[in-house]
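Shown next, in structure tokens, is the structure this report addresses.
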Amino acid sequence: MTNALLSPFKLNDTITLNNRILMAPLTRCMSDEDLVPTQASVDYYARRADTGLIITEATIIRPDGQGYPNTPGLFTQKQIQGWKKVTEAVHAKKGKIFAQLWHVGRVAHPHFFDGDVLAPSAIGVEGSVPRMRELTYITPKPATLDDIQSLITDFAKAAENAIEAGFDGVEIHGANGYLIDQFLHYAANERTDQYGQTPENMARFALEIVDAVIAAVGNDRTSIRLSPGAYFNMTEDARDKAVFDYLLPQLTDRKLAYVHGGIFDDSLKFDSLEGKTTSEYLRANYTGTLVGVGSYSYDSAKAAIEADKFDLIAIGRPLIANPDYISKVTSGGTLVEYSDEMLTELV
Numbered sequence: 125m126t127n128a129l130l131s132p133f134k135l136n137d138t139i140t141l142n143n144r145i146l147m148a149p150l151t152r153c154m155s156d157e158d159l160v161p162t163q164a165s166v167d168y169y170a171r172r173a174d175t176g177l178i179i180t181e182a183t184i185i186r187p188d189g190q191g192y193p194n195t196p197g198l199f200t201q202k203q204i205q206g207w208k209k210v211t212e213a214v215h216a217k218k219g220k221i222f223a224q225l226w227h228v229g230r231v232a233h234p235h236f237f238d239g240d241v242l243a244p245s246a247i248g249v250e251g252s253v254p255r256m257r258e259l260t261y262i263t264p265k266p267a268t269l270d271d272i273q274s275l276i277t278d279f280a281k282a283a284e285n286a287i288e289a290g291f292d293g294v295e296i297h298g299a300n301g302y303l304i305d306q307f308l309h310y311a312a313n314e315r316t317d318q319y320g321q322t323p324e325n326m327a328r329f330a331l332e333i334v335d336a337v338i339a340a341v342g343n344d345r346t347s348i349r350l351s352p353g354a355y356f357n358m359t360e361d362a363r364d365k366a367v368f369d370y371l372l373p374q375l376t377d378r379k380l381a382y383v384h385g386g387i388f389d390d391s392l393k394f395d396s397l398e399g400k401t402t403s404e405y406l407r408a409n410y411t412g413t414l415v416g417v418g419s420y421s422y423d424s425a426k427a428a429i430e431a432d433k434f435d436l437i438a439i440g441r442p443l444i445a446n447p448d449y450i451s452k453v454t455s456g457g458t459l460v461e462y463s464d465e466m467l468t469e470l471v
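Numbering (our numbering), first residue to last: 125 to 471.
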């Protein structure tokens with residue numbers, strides 16, 4: 125890899141922890157009622173600045189992108205200033221940090237923003253707000269062409285805001301059944317216009333966002349997360365593979381910082397991907413820098429990188445449980461096991 129922004133990652137060297145591990149984005153909800161990152165967020169990320177690169181928790185690009193309580197935003201000056209405290213703390217410890225840009229699409233809920241839920245098509249998701257007391261079913265409004273253009277503009281603006289806040293780059297969240305991913309899968313995209321029906325049309329929204337973000341901050345500061353196998357907020361469809369078969373070479377041509385797999389367990393094989401795992405499929409179809417993810421340990425990740433299954437590894441839950449993860453695995457220390465309660469007791 126020649127990307128100067130990611131210079132700690134020396135892919136021709138023998139694997140070392142500092143230059144291969146990314147802190148995976150996991151939604152930790154460390155913001156106040158104005159969706160401004162709190163001091164707990166500053167302290168949390170600063171403690172993990174010895175990883176090769178931190179990717180923030182999913183950060184919404186505008187109010188109607190919210191589907192969960194207290195998820196941070198990047199669309200107001202207060203939010204930008206809040207994130208600036210985070211990036212300054214990470215940089216003070218010689219770390220690097222990308223902002224993950226997020227809109228949840230049909231997983232949003234008007235409880236948070238008192239407006240329409242936007243998605244590719246009028247297909248809802250049952251239990252779309254899992255942290256609210258009552259699970260509800262929301263039927264979204266299909267995004268108009270004007271809505272789509274405004275969303276593209278807002279992704280680019282959020283990228284500009286991220287750079288203003290001091291981030292080293294951005295990761296576009298195009299995975300896990302959220303808005304961009306909804307355009308990429310037939311289970312959620314029933315459009316009959318230039319954003320639906322064919323692989324080229326269904327990939328158009330993602331590519332237009334990527335191009336707008338590149339125009340705003342540069343391709344070396346732009347990356348994307350993808351879930352080619354539908355598994356979360358979505359169901360599989362054998363036709364989906366053709367969409368990603370078209371999308372991934374297009375992304376290769378754009379020379380992004382990296383593509384990041386979006387999967388909880390990378391041992392899961394998808395019939396729709398001809399029996400491949402997420403990382404196997406992405407490696408076969410994307411020739412740029414690839415980030416693996418999905419329940420890897422240090423040892424299994426090291427073996428996978430040495431076998432050229434991917435170039436970098438994103439570690440999530442172990443880094444939540446162990447702020448000193450890097451030093452522990454370097455020295456052979458015992459790791460604390462992750463548990464879900466840790467998300468409410470972040471350190």
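From the three backbone atoms N, C-alpha and C, an ideal C-beta is built for every residue, glycine too.
- Taking C-beta atoms under 8 Å as the contact rule, residue 349 and residue 299 qualify, at a distance of about 4 Å.
- Residue 235 is classed as exposed because its beta carbon has fewer than 16 other beta carbons within 10 Å across all chains shown.
- Two segments are said to touch when three or more pairs of C-beta atoms, one from each, lie closer than 8 Å; by this definition the segment 307 to 322 does not touch the segment 210 to 227.
- Judged by their CB atoms, residue 387 and residue 355 are nearer to each other than the 8 Å cut-off.
- When the Cα atoms are used, residue 274 and residue 346 turn out to be separated by approximately 19 Å.
- Remark: three or more beta-carbon pairs, one from each stretch, lie closer than 8 Å, so the segment 364 to 380 and the segment 328 to 346 are flagged as touching.
- Counting only residues of its own chain and dropping the five nearest sequence neighbours on each side, residue 420 has a CB closer than 8 Å to the CB of 390, 428, 437 and 439.
- Taking C-alpha positions only, residue 318 is separated from residue 212 by approximately 42 Å.
- By the neighbour-count criterion, in which 16 or more other beta carbons inside 10 Å mark a residue as buried, residue 430 falls on the exposed side.
- Under the rule that a run must span 4 or more residues, the alpha helix (DSSP H) segments found entirely inside the segment 262 to 303 read 269 to 288.
- The beta carbon of residue 186 sits closer than 6 Å to those of 199 and 278, all from its chain and outside the five residues before and after it, given in chain order.
- If only complete runs of 3 or more residues are kept, the segment 149 to 223 shows the beta strand (DSSP E) at 177 to 179, in order along the chain.
- Residue range 323 to 341 is occupied by the alpha helix (DSSP H) that includes residue 333.
- A distance below 8 Å between beta-carbons, with the five flanking residues on each side excluded, links residue 392 to the following residues of its chain, in chain order: 353, 355, 401, 402 and 418.
- Per the C-alpha coordinates, the member of 464, 223, 413 and 232 positioned closest to residue 289 is 223.
- Taking 8 Å as the cut-off, the Cβ atoms of residue 163 and residue 243 do not count as close.
- When the Cα atoms are used, residue 435 and residue 408 turn out to be separated by approximately 13 Å.
- Partner residues in a beta bridge of residue 368, as assigned by DSSP, do not exist.
- The distance from the Cβ of residue 149 to that of residue 155 is about 14 Å, inconsistent with a contact at the 8 Å cut-off.
- Counting C-beta atoms within 10 angstroms of its own C-beta, residue 399 has fewer than 16 neighbours from the protein chains shown and is therefore classed as exposed.
- In the three-state reduction of the DSSP assignment, residue 147 falls in the strand class, which pools E and B.
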